[in-house]
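Colleague: So that we are looking at the same thing, I have put the structure below in structure tokens.
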Amino acid sequence: MNLDHNSKPSRVSLWLPVIAVCALIFTLSSFSQLPSPPSGVTDKHEHFTIYFVLGLTFVRALAGGRWSGVTLRVAMLSLVLVSLYGASDEFHQSFVPGRDSSVYDWTADTIGGFTAAAGLLAWAIIRRNPARPVS
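Under my numbering, the first residue of the sequence shown carries the number 576, and numbering increases by one thereafter.
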């Protein structure tokens, strides 16, 4: 993130990554069949990963591209938006031949978004409250 510099990021630069990740998810969900994941990787890992990235982009956009903007409210809103997008994606998949919707996939989506939001919130708190040297 280009965080806390004097220049204010444009709305386009903040929201374009969110739109790009959502478009990627929608496109992948439109295929009747996707290649199998590599050995040792499940589709739940894939769901977690792409929604983790979506969570990162939502937090960045909602925080205005500033670490000082990463708050509990922003993290919670990001989580809600990621989870809703995951639910809408599962609904979308129910109309794609050869695909189905799964509460387990939606759970992996939500956990990915939660992990991103919680991680960025924790890092923002650490940045705002650096440890003081012990004397």
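All residues carry an ideal CB built from backbone N, CA and C; glycine is no exception. Keep in mind the model is a prediction, meaning the values are calculated, not measured.
#1: Does DSSP put Gln608 in a helix, in a strand, or in coil?
#2: Does Ala697 pass the burial test, meaning 16 or more other C-beta atoms within 10 Å, or should it be called exposed?
#3: If I measure Cβ to Cβ from Thr685 and keep anything under 8 Å in the same chain, skipping five residues before and after, which residues do I get?
#4: Mapping the DSSP letters down to three states, classify Thr617 as helix, strand or coil.
#5: Can you tell me the Cβ-Cβ gap for Val645 and Ala636, rounded? I've got them flagged as a contact below 8 Å.
#6: Please determine, among Phe623, Leu631, Ser605 and Leu609, the residue with the shortest C-alpha to C-alpha distance to Phe666.
#7: Figure out for me which residue from Arg641, Arg703 and Gly688 has the closest Cα to the Cα of Ser585.
Modeller: Looking at the coordinates:
#1: If you number the sequence shown from 1, residue 608 lands on position 33. DSSP places Gln608 outside both helix and strand once states are collapsed to three, so it counts as coil.
#2: Numbered from 1 along the sequence shown, position 122 holds the residue referred to as residue 697. The Cβ neighbour count for Ala697, taken over all protein chains shown within 10 Å, is under 16; the residue is labelled exposed.
#3: What you label residue 685 is simply residue 110 of the sequence shown in a count that begins at 1. The answer, listed in chain order, is Tyr626, Leu654, Val657, Ser658 and Gly661.
#4: As a position in the sequence shown, residue 617 is number 42, starting the count at 1. Of the three classes helix, strand and coil, the one that applies to Thr617 here is coil, per DSSP.
#5: To locate residue 645, count along the sequence shown from 1; it is residue 70. To locate residue 636, count along the sequence shown from 1; it is residue 61. The beta-carbon distance between Val645 and Ala636, rounded to whole angstroms, is 11 Å. This is too long to meet the 8 Å contact definition.
#6: As a working mapping, residue 666 is identified with position 91 in the sequence shown. Ranking Phe623, Leu631, Ser605 and Leu609 by Cα distance to Phe666 puts Ser605 first.
#7: For this step, residue 585 is matched to residue 10 along the sequence shown. Ser585 has its Cα closest to that of Arg641, out of Arg641, Arg703 and Gly688.
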